[in-house]
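Protein chains in written order, with the numbering used here: chain G, 5 to 868; chain D, 1291 to 1545.
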């Protein structure tokens, strides 16, 4: 038994603390390097998940709905290749494996892995591939290997060079951003000082024509001013002042006046308060100027360079990984030709009596060096892989919340470390269609096995500790708090599946405790589009089953209406979402909470809707359990709740079921309900989040108030409020944007500000074209938009930008310092600034795809 | 035996219980896309008909992922009232997975492996018969489907123990293929589970495949002590059971 599996079982069964392996810093660094070499953009959480996987014997990747589990698994498997480790991905669903397989195929080319399946043509393909490799390891091997090594080396060097350049550019961008931030803060400080000075004294003392010619402010003026203040105090107290000191003070005043053009000193030579305030303003100005001078690069040019280099690196990375894999296969294949031939034979045989003896002759350590990436359904592993401990460095179990414990143990046995991927907040074993074994029966089995065992656990305790098979998936088994295992966990937090309001509901209702989800669909193409409708149909539960006829009728009516184009007419919500009759119909699913209603829906759909039409919308009707792992463009939720029934809250409001049911729609959800009992708190909260208040079917006996979620309505909306501008610069930028809009010959451009998106605090401005739904975010470089979490301004900024870019945002950055030089350049109609402004407008035009922009001199907006 | 070994044994037992599920309720005649390739089965010898049958079954299995050949022991056929509708049933009471292997590359010589030790009750059939009568309400069970009542569960347990015991006996293949063995099992279920008693009727004659339509139209659920081969979905966790069985023999020596 592998060390990890033994520790896992011992830990869970004995409740004793278990020390799992935590790898050292060197390995962490290696993983970091491997992550750089793979051609996939990853979020911080995705990176964390991969680091956890390689640095601990056990780890857990929690993937809420639509958050890129397969993407993360693919990246993890690619890092295995770079680290020259072997990895086995298993799931109980072929579909889940196929998603990762397709992604790996895109990265590595056609024959990248061994797929362990039952399909004859797949097995034939694998046999052929192994045969080709055996051939390549024969005549001409040395030349081939030498060529491959050269190609790999070249590809690696080219990639590393690009990565080094990216790193260099990012470093200089980071430094410049820090300076920009410092400049912004110093500038704001200067403006505050200046305003305070102007309030108390004369603004003209700090006029820009005076400040702009100031030399660098040497530090000795602080001492001089201290001395002057001392002399002034002595004068005030009527003390005798040594002549020498007085003379020195006078000289200081003359020097200060001359140096800083402070002519007012002639009138008020001994006003220390004014002198101090004046000097503070001068210092603030000087600090801002110094920071600005430190910014030696053109930020946007560097950003573009980085972007171009990243595109180049992705391509180079693909080339590198492909040559690396081919070299590994060829080199190791040559050294283990006999094993390859036997492996090839294994894909021909199925009869256990022949397979097993052959497996015993194969050196699997050599085989996994040749083929480091393996994928397969758990049930098929035994046909190709022997039950040998630790064949693979890592086993990854996808959809772990639906994998029962006995099913996965043989896969774990074959690996040294395990990663479980799933989500304990979605349905577990019940969604896997598991035959639910009666607890009495299971208890008998438990007692049979544990009878007479020293330190035996009784069945009740086993259930409570999530050890029993009928209640607990492998995910429950490993991550339940009762196990006390403390497995490293990374929760993926970028949601890409559903329309913003649907995703926000999921995030707020189910993942708030985990920090919430970044809703990556909060982009302009989804702006203003409805994604939810509540339909109350009335009706009662039928006498012969748990269904509400009116809900069934309405759900099928909606499907027919979609099929006939009724729901897709001009101006309809679905039309706005991009669907059209008859060629672009949405896929449709109907969820029923009760099995009886599901059966009713199925039977009626089969009899009332033509099979070809059902196929045309990929119609799937099921319970939430059956829907886990599936999604559709349009979902019709039905509940089977009538006005004449008791409300089984435990059933309807089981969070995992409700989470799955409400998170299956990509674009639109119709919620069809017979009646809403007052005790249906979760339901009421759900509808309330989209702005609906169902009529309650009974007077409330339950005095528990529905605690509302932050109401988000059924569509993504952004607003424009000029009062929300946080700085003078933002107000100036606003004027420029209004000017830009004014120059357009139509009114299709809309401006929004303080836009919350993708889990980010806010975007300063968003310019949106109603016709094309294109948009561009305008971000001011300098001010912090970030939560205080210990990160530097530049790293937080770059992370924010990469999140926004992954969501598809176009961003135009406006460096503050380019707009301010001894006052706002815009105000002075500075000819250099005109170029900057035209460039800014040009960027907006490019991102918005505009053609009607009229160039010309800027309009005087009378900002003074 | 330590806790780890005991737990492995428990997992092995549970793997066997959950291996067969989901698609064994109406195994004949199958569909146009997934024909079940029914064949009356006589284990005493392999006839030419049977060879042809195995060849066709093997081609089917190769063409469609996830299909496998089974021996069905005992046949329930007809209709049974579920919770909300009548369900058509044509299912064996016991299932034994079989494997066909080509002895040569040309695939002309076929060898049949019958995995007697993987014999299992048809849980789909049991669920269908007890559904409504011997299950716990869906809403009361928090939506967990197909919860068996304690009476049904303990009867299933008794049958499972019987199946386990039979392998301790010498000549267990003859014992299992003896018609009296399956008759004992169905008698036990009819005695212990009210739904079996009220829904299942022992047919007076023998099963004739030509009468399939007539049996299906019957409003009763008929029992035939009959053996047949058919193609069905490959049971997922059977490999887990076999692997755990192997592990159980390793672990006590390791722990």
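For every residue, glycine included, the Cβ atom is placed at its ideal position computed from N, Cα and C.
- The closest CA to that of residue 806 of chain G, considering only G/368, G/29, G/503, G/498, is found on G/498.
- For residue 227 of chain G, the uninterrupted alpha helix (DSSP H) segment begins and ends at 224–240.
- Here DSSP, grouped into helix, strand and coil, assigns residue 1296 of chain D to helix.
- Beta-carbon to beta-carbon, residue 469 of chain G and residue 487 of chain G are separated by about 7 Å, close enough to satisfy the 8 Å threshold.
- Excluding residues up to 5 positions away in sequence, 1510, 1511, 1512, 1513 lie with their Cβ nearer than 7 Å to the Cβ of residue 1491 of chain D in the same chain.
- Straight through space, the alpha carbons of residue 252 of chain G and residue 226 of chain G are spaced by roughly 15 Å.
- If you compare the alpha carbons of D/1385, D/1383, D/1482, D/1359 with that of residue 1347 of chain D, the shortest gap goes to D/1359.
- Partner residues in the beta bridge of residue 545 of chain G, as assigned by DSSP, are G/552.
- Within its own chain, the residues whose Cβ lies closer than 6 Å to the Cβ of residue 101 of chain G, once the five positions on either side in sequence are excluded, are 95, 379, listed in chain order.
- Proximity of the segment 217–237 of chain G to the segment 319–329 of chain G falls short of the contact definition, fewer than three beta-carbon pairs being nearer than 8 Å.
- Close to residue 417 of chain G, with beta-carbon spacing below 7 Å, are these residues of chain D in chain order: 1537.
- Listed along chain G, the residues sitting closer than 8 Å to residue 1403 of chain D by beta-carbon distance are 355, 356, 357.
- In the three-state scheme derived from DSSP, where H, G and I count as helix and E and B as strand, residue 568 of chain G is classed as helix.
- C-alpha of residue 53 of chain G to C-alpha of residue 369 of chain G: approximately 26 Å in a straight line.
- Listed by position along chain G, the residues whose Cβ is nearer than 8 Å to that of residue 1352 of chain D are 124.
- Here residue 408 of chain G is not near residue 374 of chain G, since their CB atoms are 8 Å or more apart.
- Around the CB of residue 1539 of chain D, fewer than 16 other CB atoms lie within 10 Å, so the residue is classed as exposed.
- Only 14, 17, 18 from the segment 14–31 of chain G bring a Cβ to less than 8 Å from some Cβ of chain D.
- Residue 628 of chain G has its alpha-carbon roughly 51 Å from the corresponding atom of residue 158 of chain G.
- Residue 287 of chain G sits in a helix when the DSSP states are folded into three classes.
- Closest option to residue 294 of chain G, judged by alpha-carbon separation, among G/809, G/447, G/312, G/221: G/221.
- Rounded to the nearest whole angstrom, the CA to CA distance from residue 754 of chain G to residue 334 of chain G is 58 Å.
- When C-alpha distances from residue 503 of chain G are compared across G/490, G/483, G/536, G/514, the shortest belongs to G/536.
- Selection G/41, G/273, G/236, G/479 evaluated against residue 165 of chain G yields G/41 as nearest (Cα-Cα).
- Taken in chain order, the unbroken stretches of alpha helix (DSSP H) that lie wholly in the segment 356–440 of chain G and span 4 residues or more are 356–365, 368–374, 409–417.
- Under the three-state reduction of DSSP, residue 819 of chain G is assigned to strand.
- Spanning the alpha carbons of residue 528 of chain G and residue 777 of chain G requires a straight line of approximately 6 Å.
- The residues 285, 288, 289, 291, 292, in chain order, have a CB closer than 8 Å to that of residue 194 of chain G in the same chain once the five nearest residues on each side in sequence are set aside.
- Separation of the CB atoms of residue 420 of chain G and residue 402 of chain G is rounded to 19 Å, and the pair is thereby denied contact status at 8 Å.
- For residue 459 of chain G, the residues of chain D that pass the 9 Å Cβ criterion are 1292, 1293, in the order they occur in the chain.
- Residue environment analysis places residue 363 of chain G among the buried positions, since at least 16 neighbouring C-beta atoms fall within 10 angstroms of its C-beta.
- Taking 7 Å as the upper bound on Cβ-Cβ separation, chain G lies near residues 1446, 1447 of the segment 1446–1459 of chain D.
- In this chain, the beta strand (DSSP E) harbouring residue 1366 of chain D covers 1357–1371.
- Segment contact: the segment 61–68 of chain G against the segment 478–494 of chain G, three or more CB-CB distances shorter than 8 Å; contact assigned.
- The continuous stretches of beta strand (DSSP E) do not include residue 513 of chain G, which lies in the alpha helix (DSSP H) extending over residues 504–514.
- Contact with chain G is found for residue 1533 of chain D, since one of that chain's Cβ atoms lies less than 8 Å from the residue's Cβ.
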